[in-house]
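See structure below.
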Amino acid sequence: YRCRSAIAGQKAVLTESLKILKVDETSRRHVVTGDVISPSMVMGIDHLRDPRLNKGLAFTLQERQALGIHGLQPARFKTQEEQLELCRISVERYQEDLNKYLYLTELHDRNEKLFFRLLTENIERLMPIVYTPHSRPCLSKVRSHLPEA
Numbered sequence: 002y003r004c005r006s007a008i009a010g011q012k013a014v015l016t017e018s019l020k021i022l023k024v025d026e027t028s029r030r031h032v033v034t035g036d037v038i039s040p041s042m043v044m045g046i047d048h049l050r051d052p053r054l055n056k057g058l059a060f061t062l063q064e065r066q067a068l069g070i071h072g073l074q075p076a077r078f079k080t081q082e083e084q085l086e087l088c089r090i091s092v093e094r095y096q097e098d099l100n101k102y103l104y105l106t107e108l109h110d111r112n113e114k115l116f117f118r119l120l121t122e123n124i125e126r127l128m129p130i131v132y133t134p135h136s137r138p139c140l141s142k143v144r145s146h147l148p149e150a
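Each position in the sequence shown, counted from 1, maps to that position plus 1 in this note's numbering.
Following this line, the structure appears as C-alpha cells:
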C-alpha cells in the first residue's frame with residue numbers, strides 16, 4: 002500500500018511539474034518549442050541535460066524525488082531569483098567581453114530559462130555581447146577549440 006501511495010504522490014508532483022513547464026496536456030507538445038513531449042521522455046536526468054527543461058537548483062525536493070534526480074544536485078534549493086543574482090555577479094566579474102560571451106553561451110547550453118531572463122533584464126548591457134555580427138566568426142573559432150563537456 003505504501004508503495005502505491007508513494008507512486009501516486011510522485012505522479013501528482015510530476016503532473017504539477019509538467020504544468021509548471023507549460024506543457025499542453027492535450028497534444029503533449031512543449032508550448033515554446035513545439036516539440037512532442039511524453040512523460041517517459043522527460044524523466045530523470047533528461048531534465049538536467051535539456052536546457053529547455055533544466056531549472057538548475059530551482060527543482061523542489063518533491064520535483065527532484067518525482068523525477069528521480071534527488072541526489073544528483075546539491076541539496077540547497079535556490080529560487081530563480083537567487084540563481085539570477087549569482088549569474089549577474091558571475092558575468093560582471095569578467096573584464097573581457099569574450100569571457101562574458103563564453104559564460105553566457107555556457108549558461109544558455111545549461112539553462113535556457115535563466116539565460117533568457119538574465120538577458121531580458123540586462124538587455125542593454127548584454128545584447129551587444131551576445132549578438133555582435135562582426136565578431137561571430139572569431140567567436141566560432143574560439144568555441145571550436147574549447148573542449149566539449
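The beta-carbon is built from N, C-alpha and C at its ideal position, and this holds for glycine as well.
The model shown is predicted, which means the values in this text are computed figures rather than measured ones.
Query, Result
"How many angstroms separate the CA atom of valine 92 from the CA atom of leucine 68?", "31 angstroms"
"Can you tell me whether asparagine 112 is buried or exposed? The criterion is at least 16 other CB atoms within 10 Å of its CB, across all chains shown.", "buried"
"Note down, in chain order, each residue of its chain lying with its Cβ closer than 6 angstroms to the Cβ of isoleucine 65, except the 5 sequence neighbours on either side.", "The residue asked about is misnamed: residue 65 is arginine in this sequence, not isoleucine. So the qualifying residues of the chain are His71."
"Inspect the CB distances between the stretch 92 to 108 and the stretch 75 to 82 and report whether three or more fall short of 8 angstroms.", "no"
"For leucine 127, collect the residues of the same chain with a Cβ closer than 6 angstroms to its Cβ; drop the 5 residues on either side in sequence, then sort them by chain order.", "Leu120"
"Can you have a look at histidine 48 and say buried or exposed, based on whether 16 or more other CB atoms are within 10 angstroms of its CB?", "buried"
"Hey, how far is the Cα of proline 75 from the Cα of glutamate 97?", "30 angstroms"
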